[in-house]
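Colleague: Residue numbers for the first sequence follow the numbering used here, beginning at 471 and rising by one.
Even for Gly, the Cβ is constructed at its ideal location relative to N, Cα and C.
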Amino acid sequence: MKYNYNAIEQKWKDYWVKNNVYQVSNSYDKPKYYVLDMFPYPSGAGLHVGHPLGYIATDIFSRFKKMKGFNVLHPMGFDAFGLPAEQYALETGQHPAVTTEKNIKRYIEQLDNIGFNYDWSREIQTSDPKYYKWTQWIFTQLFHSWYNPGLRKAEPIDSLIALFAAEGNATIKRDDEAVFTAAAWNSFDEATKRAKLMQHRLAYLDHAEVWWCEALNTVLANDEVVNGVSERGGHPVEKKKMSQWFLRITDYADRLIEGLDTLEWSEAMKEMQRNWIGRSKGASLRFQVKDKEQEIEVFTTRPDTVFGVDFMVLAPELDLIANITTPEQKADVEQYIQYVKSRSERERMAEKKISGCFTGAYAVHPFSGRLIPIWISEYVLAGYGTGAIMAVPSGDDRDFAFAQHFGITITNIFGDRFTGEAAYTEKDGTIENSDFISGMSIKEATKAIFEAIAAKNLGERKVNYRLRDAGFSRQRYWGEPFPVVYKNGIPYTIEESAVNLKPEDQQLPVVLPHVDSYKPGPEGQGPLANIDSFVSIENAAGETLTRETNTMPGYAGSSWYFLRYMSPNDDAAFVDPEACKYWQQVDLYVGGTEHAVGHLLYSRFWTKVLFDLGYVNFEEPFAKLLNQGMIQGSSRFVYRIAGTQDQFVSAGLKKQHEVNPLHVDVSLVDGVVLDIEKFKQWRAEYANAQFILEDDKYICGVETEKMSKSKYNVVNPDDIVKEYGADTFRMYEMFLGPIEMSKPWDTKGIEGVHRFLKKFWRLFFDEQTEQSIVTEEAPTAEELKVLHKTIKKITEDIERFSFNTSVSQFMILTNELSDLKCHKKAILGDAVKLLCPFAPHIAEELWHQLGNEGSVTAADYPEFVASYIEEANKVYPVAINGKHRTNIEFPVTAEQTDIEPVVLANDVVTKWLEGKPHKKIIFVKGKMINVIV
RNA sequence: GCGGGUGUGGUGAAAUUGGUAGACACGCUAGACUUAGGAUCUAGUGCCGCGAGGCAUGGGGGUUCGAGUCCCUCCACCCGCACCA
């Protein structure tokens, strides 16, 4: 029989489907193991070879675990709501539901092509009403819950109402919230009560800035704003305040930090989350504005430097600015604010050029009474702290640069350590020139300042977070509708008795209505605002209420999807409690680092809320996280001579011309040599292209970049599978390198892996006769040694996710068995089982060739037997002064006294000693010998 | 700007705990078999050198009997930064 991989792979794919080989039961007698891939967004471009990298790893691991006796859950689904489908709908008029379904179908075909063991009966799609019903349900839970800081957990909002009614809000009020008594609470009208509760709900309504494009009459995502203008049409954009839903993730900041200690994630990933949350301890401190009512509150981590304050800086979006700006400065300030409105936060943070504007106003130093000029600048962000800073140029780099740029005199509070050349940012030594804290250490000064702040009631100790509450509204069509209606401008969830909806309107899901146009609604609202039949809803009493017209963001559906796989068709609950108790956390979660602070933080937050409310019995969603690297594209370039339409010069000669590099499709290039005829056919405008060649060839430029359609460097796994088979493709992706590392795709290297599988096949079949050559002979000690060395290596490698070295070991096994001319069933049977997780199709075929029945995926994993690989002797490397010079073999039991005379008598050693006496001999048993001269 | 990561042959990489640097492959060179080769097999292949040998893990410095691995410092590249998912 020949290794006809296409036929063999199709045969076993059919078998797996027919026999439900990958169906997972909720049978709770076996130990469980939950393996999960970050589910994909089904884009129109389909999968490229970079996507399956992590999926192959989890496929191998889940097959391995299953053979080791676990009940393994390894599901797949689709993050099917999202902006690209809606943009595509705007361009082509096709409904996102239609294109999404088409894309998903294509994804499933591509995934199946690779031979994954997904249980498709558990597939979920976030855009399916049966799924988003429960996304809406969780939103409702968030809306009706608050975070009780005393108990450090979420509770139903009823407990807060009871608390307000009994004792007012004095004990749990937020910083910017006015105090009210129980009596006051009980006298509030409905609107006031709801407004007060809104300050505490985990899902709440507030205002936030969005990108607004006047010309397109719509709100834009960050992605849609490129270089300060809209991506579509290049129109100007600016920030605009809108009413938005938020999730109060900041209340969970401390628990999100603490929870990291319980997780098996890389330190880098944990560090990124910690930095994102950005907990810092410091002081809040109020400065009075001179001759005004207003105060400016700042947050500082260095209250000890308060006597070094030379100016204050406010974020340009603060409302306060209009009130304090002097008439002379008004025009400049307004012009500067206008400039900042056009700037993204990223640009503002990354900007090296210093800019700012003086308001004309002064603050009064709370201790010295000095007058401090108040500036505004884009480097202070409204969202962090209070949006205002006290600037200490002698102790902070940015403040220093700002002071120098605007010629502000710098007060030195660090004595000789501040040179005037740069800010002194070290945290040691004493504070000088600072009134009552002069001469104190930082620690003493900080303590003294805190006491002074408290005594004068100027502020307090404060913990600040960089983390902000999560914006949860999108002015879009293709997302989950909110289960929210407004009555008299007050938001309610649909089941609340206060809005008295008809019974059928109180049911989830609130179905996304069909639209004919994806055009935005009036005043920046989403497309749903255009549909009167959706917006207006009549309740049981005949009153007309209005629905929320925003939709939820992409991360709504992805924050809890791992729970749905446990009981994907449950109509009674978002997850079946029994199933949830069995499957618990995801044991192994695999995905890219790009989700480090978005998806992974939101999922952890949602899980903690569901835990607090008693719906799940674990607090962290993903026990172990493995980050796969990116497979980059290898782009090819042609060089068009500047000023011409279709004249190109080969890469080696491009220096002689002024050229513009252009991406060229990698399929038109063999290695680096351009196929000129194909290139001419590629684009009509290149039909008559002319080329300056080198050695009669056109050589392309090469660069490693992200794999993307626009760079023409995309390689489709379907093409690879067709040419080499899925087993080769799977093993080659693993062979490329460590899973967590980024690496460029190079189709040429795949030959080696393909040759290995063919060679493995030839252990079973004679090449010429195509007959089986498997024998029943008993294996030799040497053959058993090779096999068990491999069992040990592969098992250990899989457990530490080192799949590239596993593939190498399979090659070594195959090479050694070939050299030994071993065709013995006793050896090959175990070899096939070892190979099964990596190359399941060929493994099934050869398993049956050996006379076995059923699927090899159900076989037990081979056990390693140590006695087969034990050796009597060890070849020791012998080094002279640390340099390796020769090898000498000793029994593994040999001790230092045994080896010393032999080593010193060795020819090579005596030669290198050159008659000099040796100082000592370092002997590390089982490792090496080093002779020091 | 802030945060995280990565640098080893022509290429992808290995070296798991500080102990023989380059396993396993790609590519390349030579040869065998063959009507043929994009099949298969054999030998070689880090760099310099005829050789003995020397030099080599991004650059520089350090700790150690011994450093790709630990420490300091510099450089380059990649990823993320809150409405892409």
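What do you get for L841, buried or exposed, if any count of 16 or more other CB atoms within 10 angstroms of its CB means buried?
Modeller: For the purposes of this step, residue 841 is taken as the residue at position 371 of the first sequence. Exposed.
Colleague: My understanding is that T610 touches Y602, with C-beta atoms under 8 Å, so please give their C-beta distance in whole angstroms.
Modeller: Taking the first residue of the first sequence as position 1, residue 610 is located at position 140. Taking the first residue of the first sequence as position 1, residue 602 is located at position 132. In fact, because the Cβ distance is near 12 Å, the residues do not count as touching under 8 Å.
Colleague: Curious, which full-length beta strand (DSSP E) runs of at least 3 residues does the stretch 998-1070 contain?
Modeller: DSSP runs (the beta strand (DSSP E)) wholly in the stretch 998-1070: 1006-1008, 1014-1017 and 1058-1061.
Colleague: Could you have a look at S904 and say whether DSSP puts it in helix, strand or coil?
Modeller: Stepping through the first sequence from its first residue, residue 904 is reached at position 434. Residue state, collapsed to three classes: coil.
Colleague: When you compare only the Cα positions, how much space is there between I1111 and F716?
Modeller: Residue mapping note: residue 1111 aligns to position 641 of the first sequence, counting from 1. Residue mapping note: residue 716 aligns to position 246 of the first sequence, counting from 1. Roughly 52 Å between the two C-alpha positions.
Colleague: Under the assumption that A1329 contacts K1303 (Cβ atoms under 8 Å), give the Cβ distance between them as a whole number of angstroms.
Modeller: For the purposes of this step, residue 1329 is taken as residue 859 along the first sequence, with counting starting at 1. For the purposes of this step, residue 1303 is taken as residue 833 along the first sequence, with counting starting at 1. Contact flag correct, Cβ pair sits at about 5 Å.
Colleague: Is the Cβ-Cβ distance between L667 and I627 less than 8 Å?
Modeller: Within the first sequence, numbered from 1, the residue matching residue 667 stands at position 197. Within the first sequence, numbered from 1, the residue matching residue 627 stands at position 157. Yes. Within cutoff.
Colleague: According to DSSP, is F757 part of a helix, a strand, or is it coil?
Modeller: Working through the first sequence from its first residue, we reach residue 757 at position 287. In the structure shown, F757 sits in a strand (DSSP, three-state: E or B).
Colleague: Looking only at its own chain, which residues have a Cβ that is under 8 Å from the Cβ of I1282, when we skip the five neighbours before and after it?
Modeller: The residue given as residue 1282 occupies position 812 in the first sequence. T1260, listed in sequence order.
Colleague: Can you tell me the Cβ-Cβ gap for M712 and V680, rounded? I've got them flagged as a contact below 8 Å.
Modeller: Within the first sequence, residue 712 is the residue found at index 242, counting from 1. Within the first sequence, residue 680 is the residue found at index 210, counting from 1. Sure, about 5 Å apart at Cβ, within 8 Å.
Colleague: For K535, which residues of its own chain have a beta-carbon under 8 Å away from its beta-carbon, when the five flanking residues on both sides are left out?
Modeller: The residue you call residue 535 lines up with position 65 of the first sequence. Correct list, in chain order: Y503, V505 and V542.
Colleague: Check for me: the alpha helix (DSSP H) holding M537 runs from which residue to which?
Modeller: Translated into positions along the first sequence, residue 537 becomes position 67. Start and end: P522 to M537.
Colleague: Determine the direct distance from the alpha carbon of P997 to that of E694, and round the result to whole angstroms.
Modeller: If you number the first sequence from 1, residue 694 lands on position 224. If you number the first sequence from 1, residue 997 lands on position 527. The alpha-carbon atoms of E694 and P997 are separated by roughly 17 Å.
Colleague: Would you say the stretch 915-931 touches the stretch 944-951, given that touching needs at least three Cβ pairs under 8 Å?
Modeller: With a cut-off of 8 Å, the stretch 944-951 and the stretch 915-931 do not count as touching, because too few Cβ pairs lie within range.
Colleague: Please determine, among Y1338, G839, P1307 and L1257, the residue with the shortest C-alpha to C-alpha distance to N1285.
Modeller: On the first sequence, residue 1285 is found 815 positions in, with the first residue counted as 1. Per the Cα distances, L1257.
Colleague: Across which residues does DSSP place Y504 in a beta bridge pair?
Modeller: Here the question's residue 504 lines up with position 34 in the first sequence. The partner list for Y504 (beta bridge, DSSP) reads L543.
Colleague: Since I believe G1195 is in contact with E479 (beta carbons under 8 Å), could you give me their beta-carbon distance rounded to a whole number of angstroms?
Modeller: Taking the first sequence and counting its residues from 1, the one referred to as residue 479 is at position 9. Taking the first sequence and counting its residues from 1, the one referred to as residue 1195 is at position 725. That belief holds up - the Cβ atoms of E479 and G1195 are roughly 6 Å apart, short of 8 Å.
Colleague: So, with DSSP's three-state summary, where would you put P1310?
Modeller: For the purposes of this step, residue 1310 is taken as the residue at position 840 of the first sequence. The answer is helix: DSSP assigns P1310 an H, G or I state.
Colleague: Is it buried or exposed for V1086, if we count other Cβ within 10 angstroms and need 16 for buried?
Modeller: Taking the first residue of the first sequence as position 1, residue 1086 is located at position 616. V1086 is buried by the Cβ-count criterion.
Colleague: Is there contact between the stretch 904-912 and the stretch 689-704, where contact requires at least three CB pairs shorter than 8 Å?
Modeller: Result no; under three Cβ-Cβ pairs closer than 8 Å.
Colleague: Whole angstroms are fine: how far does the CA of H984 sit from the CA of V649?
Modeller: Taking the first sequence and counting its residues from 1, the one referred to as residue 649 is at position 179. Taking the first sequence and counting its residues from 1, the one referred to as residue 984 is at position 514. Taking the straight line from one Cα to the other gives about 46 Å.
Colleague: So what does F781 bridge to, in DSSP terms?
Modeller: On the first sequence, position 311 is the one that residue 781 refers to. Answer is A861, bridged to F781.
Colleague: Tell me the rounded alpha-carbon separation between A653 and T662.
Modeller: For this step, residue 653 is matched to residue 183 along the first sequence. For this step, residue 662 is matched to residue 192 along the first sequence. Approximately 14 Å, taken between the alpha carbons.
Colleague: For V1172, collect the residues of the same chain with a Cβ closer than 8 Å to its Cβ; drop the 5 residues on either side in sequence, then sort them by chain order.
Modeller: In the first sequence, counting from the first residue as 1, residue 1172 sits at position 702. Within the same chain, V1172 has close Cβ partners S1104, S1105, R1106, F1107 and V1142.
Colleague: Can you list, in chain order, the residues of its chain whose CB lies under 8 Å from that of I1007, leaving out five sequence neighbours each side?
Modeller: Sequence index remark: in the first sequence, residue 1007 carries index 537 (1-based). Cβ within range, chain order: V955, L971, D975, T1014, L1015, T1016 and R1017.
Colleague: In whole angstroms, what is the alpha-carbon distance linking S987 and R1153?
Modeller: Here residue 987 refers to the residue found at position 517 when the first sequence is read from its first residue. Here residue 1153 refers to the residue found at position 683 when the first sequence is read from its first residue. Rounded to whole angstroms, S987 to R1153 spans 34 Å at the Cα level.
Colleague: My output table needs one value for V1086: the three-state DSSP class, helix, strand or coil.
Modeller: The sequence position of residue 1086 within the first sequence is 616, counting from 1. Coil.
Colleague: Which class does H984 belong to by DSSP, given the choice of helix, strand or coil?
Modeller: On the first sequence, residue 984 is found 514 positions in, with the first residue counted as 1. Coil at H984, not helix or strand.
Colleague: Could you tell me whether the stretch 1353-1367 touches the stretch 521-529, where touching means 3 or more Cβ pairs closer than 8 Å?
Modeller: Flag = no, the stretch 1353-1367 and the stretch 521-529 do not touch.
Colleague: If you draw a straight line from the alpha carbon of V1139 to that of H1133, how long is it in whole angstroms?
Modeller: For the purposes of this step, residue 1139 is taken as the residue at position 669 of the first sequence. For the purposes of this step, residue 1133 is taken as the residue at position 663 of the first sequence. If I take the Cα positions, the gap works out to 11 Å.
Colleague: On the DSSP letters alone, give me the boundaries of the beta strand (DSSP E) that D646 sits inside.
Modeller: The residue given as residue 646 occupies position 176 in the first sequence. Taken as a continuous stretch (DSSP letters only), D646 belongs to no beta strand (DSSP E), as it is neither H nor E.
Colleague: Might you give, ordered along the chain, the residues of its own chain that have their beta carbon closer than 7 Å to the beta carbon of P1249, omitting 5 neighbours on each side?
Modeller: Numbered from its first residue, the first sequence carries residue 1249 at position 779. Closer than 7 Å at Cβ, skipping near neighbours: K1294, A1296 and I1297.
Colleague: For the stretch 637-651 against the stretch 1068-1077, do three or more pairs of beta-carbon atoms, one drawn from each stretch, fall closer than 8 Å, so that the two count as touching?
Modeller: No: fewer than three Cβ pairs fall under 8 Å.
Colleague: Between the stretch 951-969 and the stretch 583-591, do three or more beta carbon pairs fall short of 8 Å?
Modeller: Touching, no.
Colleague: Let me know if L1233 comes out buried or exposed under the rule of 16 or more other beta-carbons within 10 Å of its beta-carbon.
Modeller: Taking the first sequence and counting its residues from 1, the one referred to as residue 1233 is at position 763. Per the 10 Å Cβ criterion, buried.
Colleague: Run through the DSSP bridge pairs and tell me what G941 is partnered with.
Modeller: Counting from one through the first sequence, the residue named residue 941 turns up at place 471. According to DSSP, G941 bridges with F716.
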